[in-house]
Structures are given as C-alpha cells and as structure tokens.
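>
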Amino acid sequence: MKQRILVLLGTRPEAIKLFPVIRRLKAEQVGVTVCATAQHRQMLDQVLKLAKVVPDFDLNVMTPNQTLDNLSARLLYDIGAVMERVKPTRVVVQGDTATAMTGALAAYYHRIPVSHVEAGLRSGDIYAPFPEEVNRKIVGSIADQHFAPTERAARALLAENVPQARIHVTGNTVVDALILAKTMVEEDPWMARRWDDIKQRHGNRRLILVTCHRRENFGGGVQNIVNALETILNREDVAVVLPVHPNPNVRDIFSARFANHPRVVLISPQEYTDFVSLLSMAYLVLTDSGGVQEEAPTFGKPVLVMRETTERPEGVEAGTARLVGADYDRIVGETFRLLDDDATYAAMARSHNPFGDGHASERIVKVLLDA
Ligand code: UD1
Ligand code: UDP
547 MKQRILVLLG
557 TRPEAIKLFP
567 VIRRLKAEQV
577 GVTVCATAQH
587 RQMLDQVLKL
597 AKVVPDFDLN
607 VMTPNQTLDN
617 LSARLLYDIG
627 AVMERVKPTR
637 VVVQGDTATA
647 MTGALAAYYH
657 RIPVSHVEAG
667 LRSGDIYAPF
677 PEEVNRKIVG
687 SIADQHFAPT
697 ERAARALLAE
707 NVPQARIHVT
717 GNTVVDALIL
727 AKTMVEEDPW
737 MARRWDDIKQ
747 RHGNRRLILV
757 TCHRRENFGG
767 GVQNIVNALE
777 TILNREDVAV
787 VLPVHPNPNV
797 RDIFSARFAN
807 HPRVVLISPQ
817 EYTDFVSLLS
827 MAYLVLTDSG
837 GVQEEAPTFG
847 KPVLVMRETT
857 ERPEGVEAGT
867 ARLVGADYDR
877 IVGETFRLLD
887 DDATYAAMAR
897 SHNPFGDGHA
907 SERIVKVLLD
917 A
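What the sequence shown shows, in the numbering used here, is residues 547 to 917, in sequence order.
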C-alpha cells in the first residue's frame with residue numbers, strides 16, 4: 547500500500563526538529579502531508595518560512611495566554627478532522643508538546659500508527675517539566691515506532707516494556723537542523739553580520755545568552771531568575787542577550803525589569819539562524835529550554851540549566867551543562883564561577899555534542915520507508 551504520512555507540528559521547536567525530516571521525506575518522493583496546528587503563531591511561522599516548509603493544513607489554534615485544557619481540547623478536535631480528510635497510513639509527531647500529545651491521541655482514536663521523534667526522554671517527575679513529562683509518556687504509550695535520540699532514551703523506553711524492535715536510536719534531529727542553519731549563516735554575508743551592532747556595543751564584555759519559558763518556572767521561579775540576572779548585571783564586564791518568549795507569563799516580567807538596562811539586549815524571538823549566531827557569540831548560556839541545552843555543546847558553550855531536573859542529562863554527564871534550578875544563589879554562584887574561574891570554564895567549554903551527529907533525519911526516514 548502506498549504510504550501517506552501525516553506530519554504534525556505546532557510549536558517552534560517541533561518545526562526546527564522536524565524540518566530536516568520533512569525535507570528528506572519529500573526528497574524520497576514519499577506522500578507526505580504537513581499539518582501545522584499553529585499552537586504557536588509567529589514563532590512557528592519564522593521557522594517554516596526559513597525552512598521553506600509550506601503546510602498543507604494550518605489549524606491556527608493559538609489564542610493569547612492559552613490554557614492547557616482549552617488548547618488540548620481544540621487541538622484534539624481539529625487534528626481529528628484533518629485525519630478524517632487525509633486518512634494517513636502513519637502519523638509522525640515530535641517531542642512533548644500539546645500538539646504531539648493530542649496528535650498521538652487522535653491518531654490512536656482513528657487507529658493510525660504513530661511514529662514518535664525524540665522518544666524516551668524522562669525526568670521521572672510528572673511536574674517537571676510540566677506538562678511535557680506526561681505528554682511524552684502518553685505519546686510513548688501509543689507510538690509503535692520510537693525514534694530515541696540517545697542510548698539513554700532507548701533504555702528508558704525498554705524499562706517501560708517497549709519492545710526493542712520498536713526502538714531506533716537515531717540521534718536528535720536538532721543537530722541536523724543546527725548544521726543546516728550554521729551552513730546558511732556561513733554562506734550568507736548578511737546573516738553572518740547580523741549581530742555587528744551587539745559586537746560594537748558590547749565587544750569587550752562577555753555575552754550571556756538567556757532564554758526562559760517553562761511553565762513550572764512561572765511565578766516565583768521567573769522572579770528568582772530576574773533577580774539573579776539583575777545581580778549578575780551589576781558587573782560591568784557582562785552583557786545579557788535575552789530573546790524573550792512571547793508567553794505573557796514571562797514576556798511582561800522580563801520586559802518590565804530589563805527594557806532600559808544598558809547592558810541587556812532585550813529582543814523578540816529570533817529567526818533560527820540568528821539565534822544560532824547568538825549561540826556562537828555567547829560566552830555562556832543560561833536557559834530552561836530543552837532545545838538550547840541540546841544545541842550549545844556543538845559550539846562548546848557552557849550551559850547553566852535553570853531547572854531542578856532535566857530529561858536531557860547527557861549534557862550534565864558530559865560536563866558541558868550544570869543544573870542550577872530557578873534558584874537565585876545557584877544561578878548567581880555558578881555564573882560567577884564560570885566568569886571568574888578559567889579552569890571551571892575550560893572544563894565545561896568542550897565542543898562535543900552527546901545528543902546527535904547530524905544524521906538523525908536520514909536514519910528516521912530510512913525506518914519510515916521500510917515500514
Ligand atoms: C509550548 C509547549 C512547550 C514548549 C514551548 C516551546 C505545550 C503545552 N507547551 O510552550 O512544551 O517547550 O512551546 O517554546 O505544548 N505565544 C505567542 N506567539 C507565539 C507563541 C506563543 O504570542 O508564536 C504566546 C501566546 O500568548 C500563547 C502563549 O505564548 O497563548 C503560550 O503558548 P503555548 O504553546 O501554550 O505554550 P508555551 O509556553 O509556548
Ligand atoms: N530559538 C530560536 N529563536 C529564539 C530562541 C530559541 O530559533 O529566539 C530556537 C533554539 O535554537 C532551539 C529552540 O528554539 O532550537 C528551542 O525552543 P524553545 O526554547 O522555545 O522550546 P523547548 O526546546 O524548550 O521546547
């Protein structure tokens with residue numbers, strides 16, 4: 547039977563991690579339909595445009611400050627309707643978002659097999675990351691093909707009794723995307739000069755790249771992070787670059803505190819290529835993002851992870867990342883250590899990426915074609 551693969555994506559990281567797979571599927575002339583739920587709007591469109599992915603369906607579900615229950619209900623309903631129309635032979639979802647979870651559930655209700663890209667990540671705590679840990683478990687319980695980025699992720703699935711034959715260790719497609727983006731920056735003189743203004747204004751300072759958006763950090767956690775950044779910024783020798791996530795629960799707080807700070811570059815979400823350039827310029831990274839943890843090691847940038855736990859411990863084990871929580875003292879203490887102690891910095895600034903080798907999408911498409 548001829549394959550009709552339905553690829554679902556809703557947020558910025560899903561688009562980043564799936565565009566290399568979509569590209570390869572199209573190159574193989576597989577019947578592929580792309581459905582953007584647009585759980586994110588501007589941030590998703592930025593990636594789709596850059597990657598030249600034109601969705602066949604756009605569900606446009608995003609509403610301002612959406613709640614998990616309302617968002618998930620609308621996603622389930624609208625994705626189900628797309629499945630009715632497309633009648634795919636297989637559905638591909640990525641990661642741990644509401645789109646991935648409801649996409650897998652809708653596929654199950656329609657009795658369509660599901661392939662899970664970035665399977666097997668587990669923190670062991672259903673409230674951190676929230677709601678991603680449970681989203682992944684739901685997808686994992688439905689999928690019949692699990693594309694685990696690392697051996698550790700594969701072991702987590704085996705421990706949940708997923709049969710070995712259904713698990714494929716592929717590497718994380720984020721490294722494929724990163725390599726494509728790096729090449730685009732290197733080959734385009736305009737992109738390569740994108741941040742000359744920051745270099746001119748802050749060239750003698752060490753740049754700290756900061757991203758923050760996790761739901762479990764909303765409220766007290768975000769306050770601690772903002773306070774810690776203010777203390778760090780008392781130093782004249784650092785500048786902070788902060789592409790602010792548009793979620794009002796973080797955007798409004800960062801904007802209120804840092805809009806006029808002379809050593810903070812407060813910017814809107816950046817094109818993927820521009821963000822990759824920022825990563826390559828940074829001295830260190832402070833983040834609660836999943837994807838950024840996976841990218842920074844390619845550039846040899848130390849990452850301080852503003853979470854109590856991570857489902858991506860490979861960076862911590864490799865010595866390139868350290869968990870600091872959303873904790874004022876640990877964020878300030880570890881940042882100062884990296885700024886002041888050359889040996890600590892050198893030990894963490896190793897350029898080795900434990901998450902992938904840039905060939906994950908090749909491996910994934912091979913399995914999809916053989917199914
Ligand atoms: C979502 C995912 C999270 C992922 C993150 C990546 C869920 C439950 N959460 O979190 O797993 O790590 O995306 O960034 O799936 N907004 C805009 N424009 C945009 C995107 C978001 O204005 O392009 C604002 C809207 O007010 C929206 C809010 O951000 O309601 C929250 O978006 P949502 O997708 O629900 O949650 P995220 O925190 O972005
Ligand atoms: N990113 C981007 N522009 C930005 C900030 C981040 O393109 O201004 C990219 C980043 O390189 C990574 C992804 O977005 O690939 C991470 O997305 P996010 O932190 O929103 O989600 P998470 O990975 O935590 O799910």
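Here a beta-carbon is modelled for each residue, glycine too, at the ideal position from N, C-alpha and C.
(1) I need the DSSP call for residue 669, collapsed to helix, strand or coil.
(2) Look at the alpha carbon of residue 712 and the alpha carbon of residue 691, and state the distance between them as a whole number of angstroms.
(3) Ligand 2 heavy atoms versus the CB of residue 645: any closer than 7 Å?
(4) So, under 8 Å CB-CB, residue 921 and residue 720 are touching, yes? Tell me the CB distance rounded to an integer number of Å.
(5) Is any heavy atom in ligand 2 found nearer than 7 Å to the beta carbon of residue 901?
(6) In chain order, what residues of the same chain lie with their CB nearer than 7 Å to the CB of residue 799, ignoring the 5 residues before and after it?
(7) What are the complete alpha helix (DSSP H) segments, minimum 4 residues, inside the stretch 755-790?
(8) Quick check: residue 602 and residue 580, are their CB atoms within less than 8 Å of each other?
(9) What do you get for residue 794, buried or exposed, if any count of 16 or more other CB atoms within 10 angstroms of its CB means buried?
(10) Does the Cβ of residue 586 lie closer than 7 Å to at least one heavy atom of ligand 1?
(11) In the DSSP assignment, find the unbroken beta strand (DSSP E) run with residue 748 in it and report its ends.
(12) Closer than 7 Å: is that where the CB of residue 678 sits relative to any heavy atom of ligand 4?
(13) Are the CB atoms of residue 849 and residue 861 nearer to each other than 8 Å?
(14) Do residue 723 and residue 565 have their C-beta atoms closer together than 8 Å?
(15) Leaving out five residues before and five after residue 717 in sequence, what residues of the same chain have Cβ atoms less than 8 Å from its Cβ?
(16) Quick check: the Cα distance between residue 617 and residue 865, rounded to an integer number of angstroms?
(17) Pull up the CB-CB distance for residue 645 and residue 762, whole angstroms please, since I reckon it's below 8 Å.
(18) Spell out the partners DSSP gives residue 579 in its beta bridges.
(19) Using C-beta distances below 6 Å, list every residue in its chain close to residue 881, excluding the 5 sequence neighbours before and after it, in chain order.
(20) Quick check on residue 672: buried or exposed, where buried means 16 or more other Cβ atoms within 10 Å of its Cβ?
(21) Determine the DSSP secondary structure at residue 691, reduced to helix, strand or coil.
(22) Could you check what DSSP says for residue 613 in three-state terms: helix, strand or coil?
(23) Bridge partners of residue 868, per DSSP?
(24) Given the structure, does residue 791 come close to ligand 2, in the sense that its CB is under 7 Å from one of the ligand's heavy atoms?
(25) Less than 8 Å between the beta carbons of residue 571 and residue 913, yes or no?
(26) Closer than 8 Å by C-beta to residue 822: which residues in its own chain qualify, once you throw out the five before and the five after it? Chain order, please.
(27) Please confirm whether any heavy atom of ligand 2 lies closer than 7 Å to the CB of residue 838.
(28) Please state whether the Cβ-Cβ distance between residue 638 and residue 703 is less than 8 Å.
(29) Quick check on residue 651: buried or exposed, where buried means 16 or more other Cβ atoms within 10 Å of its Cβ?
(30) Just the C-alpha distance for residue 868 and residue 851, rounded to the nearest angstrom, thanks.
(31) Quick check: what's the CA-CA separation for residue 584 versus residue 889?
(32) Measuring alpha carbon to alpha carbon, tell me which of 635, 634, 613, 607 ends up nearest residue 623.
(33) Does the Cβ-Cβ distance between residue 640 and residue 815 come in under 8 Å?
(34) Kindly examine ligand 2 and report whether one of its heavy atoms sits closer than 7 Å to the Cβ of residue 757.
(35) Below 7 Å, is the gap between the Cβ of residue 835 and the nearest heavy atom of ligand 2?
From the atom records:
(1) For the purposes of this step, residue 669 is taken as residue 123 along the sequence shown, with counting starting at 1. In this structure, residue 669 counts as coil in the three-state DSSP scheme.
(2) On the sequence shown, residue 712 is found 166 positions in, with the first residue counted as 1. On the sequence shown, residue 691 is found 145 positions in, with the first residue counted as 1. Distance between the alpha carbons of residue 712 and residue 691: 5 Å.
(3) Counting from 1 along the sequence shown, the entry for residue 645 is found at position 99. Not under cutoff, so the answer is no.
(4) This structure leaves residue 921 out entirely; the chain is present only between 547 and 917.
(5) To locate residue 901, count along the sequence shown from 1; it is residue 355. Outside the cutoff, so no.
(6) Here residue 799 corresponds to residue number 253 of the sequence shown, with the count starting at 1. Answer for residue 799: 768, 772, listed in chain order.
(7) 766-778
(8) Against the sequence shown, residue 602 aligns to sequence position 56. Against the sequence shown, residue 580 aligns to sequence position 34. In this structure, residue 580 lies closer than 8 Å to residue 602 by Cβ.
(9) One-based indexing of the sequence shown puts residue 794 at position 248. Exposed.
(10) Here the question's residue 586 lines up with position 40 in the sequence shown. Within the cutoff, so yes.
(11) To locate residue 748, count along the sequence shown from 1; it is residue 202. Counting along the chain, residue 748 falls outside any beta strand (DSSP E), though it belongs to the alpha helix (DSSP H) covering 742-748.
(12) Questions concerning ligand 4 fall outside what the structure shown contains, since the ligands it does hold are ligand 1 and ligand 2.
(13) Position 303 of the sequence shown, counting from 1, holds the residue named residue 849. Position 315 of the sequence shown, counting from 1, holds the residue named residue 861. In contact: residue 849 and residue 861 (Cβ atoms closer than 8 Å).
(14) The sequence position of residue 723 within the sequence shown is 177, counting from 1. The sequence position of residue 565 within the sequence shown is 19, counting from 1. Yes, they are a contact pair.
(15) In the sequence shown, residue 717 corresponds to position 171, counting from 1. Answer for residue 717: 695, 696, 901, 902, 903, 904, 905, 906, 909, listed in chain order.
(16) Position 71 of the sequence shown holds residue 617. Position 319 of the sequence shown holds residue 865. The alpha-carbon atoms of residue 617 and residue 865 are separated by roughly 37 Å.
(17) Residue 645 sits at position 99 when you count from the first residue of the sequence shown. Residue 762 sits at position 216 when you count from the first residue of the sequence shown. Not a contact, Cβ separation roughly 19 Å.
(18) Taking the sequence shown and counting its residues from 1, the one referred to as residue 579 is at position 33. DSSP output for residue 579 lists 552 as bridge partner(s).
(19) The count along the sequence shown starts at 1 and reaches residue 881 at position 335. Take residue 881, set aside five residues on each side of it, and the residues of its chain with a beta-carbon closer than 6 Å to its own are 778, in chain order.
(20) In the sequence shown, counting from the first residue as 1, residue 672 sits at position 126. Residue 672 should be labelled exposed.
(21) The residue you call residue 691 lines up with position 145 of the sequence shown. Strand at residue 691.
(22) Here residue 613 refers to the residue found at position 67 of the sequence shown. The answer is coil: DSSP assigns residue 613 none of H, G, I, E or B.
(23) The sequence position of residue 868 within the sequence shown is 322, counting from 1. Partner(s): 850.
(24) In the sequence shown, residue 791 corresponds to position 245, counting from 1. For ligand 2, at least one heavy atom lies less than 7 Å from the Cβ of residue 791.
(25) Working through the sequence shown from its first residue, we reach residue 571 at position 25. Working through the sequence shown from its first residue, we reach residue 913 at position 367. Not a contact, by the Cβ cut-off of 8 Å.
(26) By one-based count along the sequence shown, residue 822 stands at place 276. The answer, listed in chain order, is 724, 727, 728, 731, 841.
(27) As a first step, residue 838 is located in the sequence shown; it is residue number 292 there, counting from the start. Because some heavy atom of ligand 2 lies under 7 Å away, the Cβ of residue 838 counts as near it: yes.
(28) Taking the first residue of the sequence shown as 1, we reach residue 638 at position 92. Taking the first residue of the sequence shown as 1, we reach residue 703 at position 157. Cβ distance not < 8 Å, so residue 638 and residue 703 don't count as in contact.
(29) For the purposes of this step, residue 651 is taken as residue 105 along the sequence shown, with counting starting at 1. By the neighbour-count rule (16 or more Cβ atoms within 10 Å), residue 651 is buried.
(30) Working through the sequence shown from its first residue, we reach residue 868 at position 322. Working through the sequence shown from its first residue, we reach residue 851 at position 305. When rounded, the distance between both Cα atoms is 6 Å.
(31) Taking the sequence shown and counting its residues from 1, the one referred to as residue 584 is at position 38. Taking the sequence shown and counting its residues from 1, the one referred to as residue 889 is at position 343. Distance between the alpha carbons of residue 584 and residue 889: 44 Å.
(32) Along the sequence shown, read from residue 1 onward, the residue named residue 623 stands at position 77. Minimum Cα distance to residue 623 is reached at 607.
(33) Here residue 640 corresponds to residue number 94 of the sequence shown, with the count starting at 1. Here residue 815 corresponds to residue number 269 of the sequence shown, with the count starting at 1. Taking 8 Å as the Cβ cut-off, residue 640 and residue 815 do not qualify as a contacting pair.
(34) Here the question's residue 757 lines up with position 211 in the sequence shown. Result yes, Cβ under 7 Å from ligand 2.
(35) Looking up residue 835 in the sequence shown gives position 289. Yes, the Cβ of residue 835 comes within 7 Å of a heavy atom of ligand 2.
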